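Visitor: If you read the sequences in order, they're chains A and B.
Under the working numbering, the letters of the first sequence match residues 1 to 111, in that order.
Under the working numbering, the letters of the second sequence match residues 1 to 115, in that order.
Where is the CB? At the ideal position from N, CA and C, for every residue including glycine.
Quantities reported herein were computed from a predicted structural model and do not represent experimental measurements.
Below is a structure I'd like to ask you about.
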Amino acid sequence: NAGVTQTPKFRVLKTGQSMTLLCAQDMNHEYMYWYRQDPGMGLRLIHYSVGEGTTAKGEVPDGYNVSRLKKQNFLLGLESAAPSQTSVYFCASSYNPYEQYFGPGTRLTVT
Amino acid sequence: DQQVKQNSPSLSVQEGRISILNCDYTNSMFDYFLWYKKYPAEGPTFLISISSIKDKNEDGRFTVFLNKSAKHLSLHIVPSQPGDSAVYFCAASTHSGGSNYKLTFGKGTLLTVNP
């Protein structure tokens, strides 16, 4: 069991570039989440999914899009990266909304 | 508006002593509370939870206390060990009602346990 994996681990983007972060889980969880963590800000929910084919906005969704075409994968897209999107991004999954299993994180820098 | 508040950014304790991490919330609809632990360069891991129908939940060295009237919960670690040094996040959700699928996290408290 790999649990929750995130690809890539690190990325540097220039302003205006696009990228997709991939989250994969092998625990057959229905719920999947994308968070960002910034210094002094804790974990803030970007988007989430309660099942394959569903997505919903979280607390800070602007500038991001997501897709959940397969149950095990949850993709986070940045169409036009901005320096304000420099952050550590965590994916999580769970069988209920509460006890979430987190991936190791992706550190993204936008210059 | 911050609905889950951890007012102490950091806490330092001696090995073997008790660590007490505090969390306050403002949303009276919250009825399920969790603590997560995070080491540097890793994702958070679930530690312990409590439902609002209880006022205490214990798991080994970790105990969570809930005071609903004060909208306050605390995590006690006894005895504290150097390996407990990490950032601790408090989180809350509405467990009943069936339509809420999210956790609201506090900003975290960095615990340092000194040998």
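For residue 97(A), go through chain B and note every residue whose CB falls closer than 8 Å to its CB, in chain order.
Guide: Under the 8 Å cutoff, chain B gives 93, 100, 101, 102, 103.
Visitor: Just the C-alpha distance for residue 54(B) and residue 66(B), rounded to the nearest angstrom, thanks.
Guide: Their Cα atoms are separated by approximately 7 Å.
Visitor: Could you name the residues of the stretch 39 to 58 of chain B whose beta carbon sits closer than 9 Å to any beta carbon of chain A, in the order they occur along the chain?
Guide: Answer set for the stretch 39 to 58 of chain B: 41, 42, 43, 44, 45, 46, 49.
Visitor: Keeping to the same chain, check which residues put their C-beta closer than 6 Å to that of residue 105(A); ignore five residues upstream and five downstream.
Guide: Taken in chain order, the residues that qualify are 88, 90.
Visitor: In chain A, which residues lie with their C-beta within 7 Å of the C-beta of residue 11(B)?
Guide: Within chain A, no residue comes near residue 11(B); the closest Cβ sits about 16 Å away, beyond 7 Å.
Visitor: Which of the residues in the stretch 23 to 48 of chain A, read from start to end, lie with their CB under 9 Å from any CB of chain B?
Guide: Listed by position along the chain: 31, 33, 35, 37, 40, 41, 42, 43, 44, 45, 48.
Visitor: In the DSSP assignment, what residue or residues form a beta bridge with residue 13(B)?
Guide: Per DSSP, 113(B).
Visitor: Check whether the Cβ of residue 68(A) sits closer than 7 Å to any heavy atom of the ligand ADP, and report yes or no.
Guide: Of the ligands one can find in the structure shown there are none, so the ligand ADP has no counterpart to examine.
Visitor: Is the shortest distance between the beta-carbon of residue 61(A) and the beta-carbons of chain B less than 8 Å?
Guide: Not closer than 8 Å to any Cβ of chain B, the Cβ of residue 61(A) fails to qualify, so no.
Visitor: Determine the chain B residues that contact residue 90(A) at a beta-carbon separation under 8 Å, and present them in chain order.
Guide: Going along chain B in sequence order, the residues near residue 90(A) (Cβ under 8 Å) are 43, 44.
Visitor: To the nearest angstrom, how far is the alpha carbon of residue 105(B) from that of residue 92(B)?
Guide: Their Cα atoms are separated by approximately 7 Å.
Visitor: Taking Cβ-Cβ distances shorter than 8 Å, what residues in chain A pair up with residue 106(B)?
Guide: Going along chain A in sequence order, the residues near residue 106(B) (Cβ under 8 Å) are 42.
Visitor: Shortest alpha-carbon distance to residue 52(A) belongs to which of 72(A), 39(A), 34(A)?
Guide: When only C-alpha atoms are compared, the closest one is 72(A).
Visitor: Rank 3(A), 42(A), 34(A) by C-alpha distance to the C-alpha of residue 75(A) and give the top, closest one.
Guide: Comparing Cα positions, the closest option is 34(A).
Visitor: How far does the beta strand (DSSP E) with residue 42(A) in it extend, from its first residue to its last?
Guide: From DSSP, the beta strand (DSSP E) with residue 42(A) extends over 42 to 49.
Visitor: Look at the Cβ atom of residue 98(A), then the Cβ atom of residue 49(B), and state whether they are nearer than 8 Å.
Guide: Closer than 8 Å, so yes.
Visitor: On the CB-based measure, 16 or more other CB atoms within 10 Å of its CB, does residue 68(A) come out buried or exposed?
Guide: Result: buried.
Visitor: Let me know if residue 81(A) comes out buried or exposed under the rule of 16 or more other beta-carbons within 10 Å of its beta-carbon.
Guide: Answer is buried; the Cβ neighbour count reaches 16.
Visitor: Give the DSSP-derived three-state secondary structure of residue 93(B) in the structure shown.
Guide: Three-state DSSP puts residue 93(B) in a strand.
Visitor: Tell me whether the beta-carbon of residue 4(A) lies closer than 8 Å to the beta-carbon of residue 92(A).
Guide: Cβ distance < 8 Å, so residue 4(A) and residue 92(A) count as in contact.
Visitor: Quick one: what's residue 10(A) bridged to in DSSP?
Guide: According to DSSP, residue 10(A) bridges with 107(A).
Visitor: Mind checking which residues open and close the beta strand (DSSP E) that includes residue 72(B)?
Guide: Note, residue 72(B): beta strand (DSSP E), 72 to 77.
Visitor: Please determine, among 87(B), 14(B), 35(B), the residue with the shortest C-alpha to C-alpha distance to residue 75(B).
Guide: If we check each option's Cα against that of residue 75(B), 35(B) comes out closest.
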